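Under this note's numbering, read the sequence shown as residues 59 to 310, first letter to last.
One structure is given here, and the rest of the page talks about it.
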Amino acid sequence: MGEINTAYKRVVIKLSGEALAHRDAEGKNDGIYDDSMIDKLAATIKTCVDMGVEIGIVIGAGNIWRGARGKNVERTRADHMGMLATIMNCLGMQDALLNQGVDAEVMASVEMNGFAEVYDHKKATDHLEKGGVVIFGGGIGIPFISTDTATVVRAAEIHADTILMAKNVEGIFTADPKKDPTAKKYKVLSYAKCLSDNLKATDTAASAIAMNQKINMYVFPLNEVENIIKVVSGEEIGTLVTYDSETEAILY
Numbered sequence: 059m060g061e062i063n064t065a066y067k068r069v070v071i072k073l074s075g076e077a078l079a080h081r082d083a084e085g086k087n088d089g090i091y092d093d094s095m096i097d098k099l100a101a102t103i104k105t106c107v108d109m110g111v112e113i114g115i116v117i118g119a120g121n122i123w124r125g126a127r128g129k130n131v132e133r134t135r136a137d138h139m140g141m142l143a144t145i146m147n148c149l150g151m152q153d154a155l156l157n158q159g160v161d162a163e164v165m166a167s168v169e170m171n172g173f174a175e176v177y178d179h180k181k182a183t184d185h186l187e188k189g190g191v192v193i194f195g196g197g198i199g200i201p202f203i204s205t206d207t208a209t210v211v212r213a214a215e216i217h218a219d220t221i222l223m224a225k226n227v228e229g230i231f232t233a234d235p236k237k238d239p240t241a242k243k244y245k246v247l248s249y250a251k252c253l254s255d256n257l258k259a260t261d262t263a264a265s266a267i268a269m270n271q272k273i274n275m276y277v278f279p280l281n282e283v284e285n286i287i288k289v290v291s292g293e294e295i296g297t298l299v300t301y302d303s304e305t306e307a308i309l310y
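Here you go:
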């Protein structure tokens, strides 16, 4: 398939670990992996690649481990466990993408001979330019840094057009919609407003780096996997967070 009109040329997609998890009838996680969901994600990403979009992926570890919640585990060690868990998720996604015919490469922030190549931004960029997908694992290799922040760092290093933040929420709201029924969804707002109003688009470090490096972020719901295609096609279904602090916030 030849390239078609898309909103972005190169993106980094952030997927939560929970997006890969199996859920029971009540929607609660009851297994580390949902094979059908992973296959759907891989097929959707392949569609985006076929559209001409260069894609990097960062996956969280929440389906396996959350370092900040590790009881009686020293925080640095807990974060190391989380980094290893992201590698497991990366390998699972790589396998699904390879089965779709996508040349997917896992690049880890630490040496994992036999499992993944050590991350190198030049090699990553070269792979993207050849139509492959790069899955970034292990965060950035140091504790106390979230996978959201790792996403921003990798996006800056490979000169991505934007970050696509796939969440379990519809976008960013003026208040928590679960607590405030009058909360309204933003169409556009700045990182500066997110930080000043404590709106939690992502963690503070990620927002600050993205703003400094002038990388926009699009926050959208992953309740339908095909939303990824809608976003790269330019459909407005979530919230655009811009690095331009002078941008006026716009509501839907």
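Note that the Cβ used here is the ideal one computed from N, Cα and C, for glycine as well.
Just so it is clear, the structure is predicted and the values come from calculations on it, not from any experiment.
Excluding the 5 residues flanking it on each side, residue 217 has same chain C-beta neighbours closer than 8 angstroms at 68 and 183, in chain order. For residue 95, the enclosing alpha helix (DSSP H) begins and ends at 93-108.
Between residue 283 and residue 296, the CB-CB gap reaches or exceeds 8 angstroms.
Residue 272 is classed as exposed because its beta carbon has fewer than 16 other beta carbons within 10 Å across all chains shown. In this structure the region 236-243 does not touch the region 258-275; the number of beta carbon pairs closer than 8 angstroms is below three. Using a C-beta cut-off of 8 angstroms, the region 227-237 makes no contact with the region 203-211, since fewer than three inter-stretch Cβ pairs fall below that distance. Per DSSP, residue 73 lies in no alpha helix (DSSP H) segment; the continuous beta strand (DSSP E) that holds it begins and ends at 68-73. By the criterion of a C-beta distance shorter than 7 angstroms, residue 265 is surrounded in its chain by 249, 252, 253 and 259, once the five residues flanking it on both sides are discounted. For residue 245, there is no enclosing alpha helix (DSSP H); the residue is part of the beta strand (DSSP E) that begins and ends at 244-248. Under DSSP, residue 278 forms a beta bridge with 224. For residue 301 against residue 274, the beta-carbon gap comes to about 6 angstroms, under 8 angstroms, which counts as contact. CA-to-CA, the gap between residue 160 and residue 190 works out to about 7 angstroms.
With fewer than 16 other CB atoms across the displayed protein chains lying within 10 angstroms of its CB, residue 89 is exposed. Burial check for residue 215: the Cβ neighbour count within 10 Å reaches 16 or more, so the residue is buried. Residue 267: member of the alpha helix (DSSP H) spanning 262-270, first to last residue. Note on residue 194: 16 or more other CB atoms within 10 angstroms of its CB, so buried under the neighbour-count rule. The criterion of a C-beta distance shorter than 8 angstroms is not satisfied by residue 149 and residue 168.
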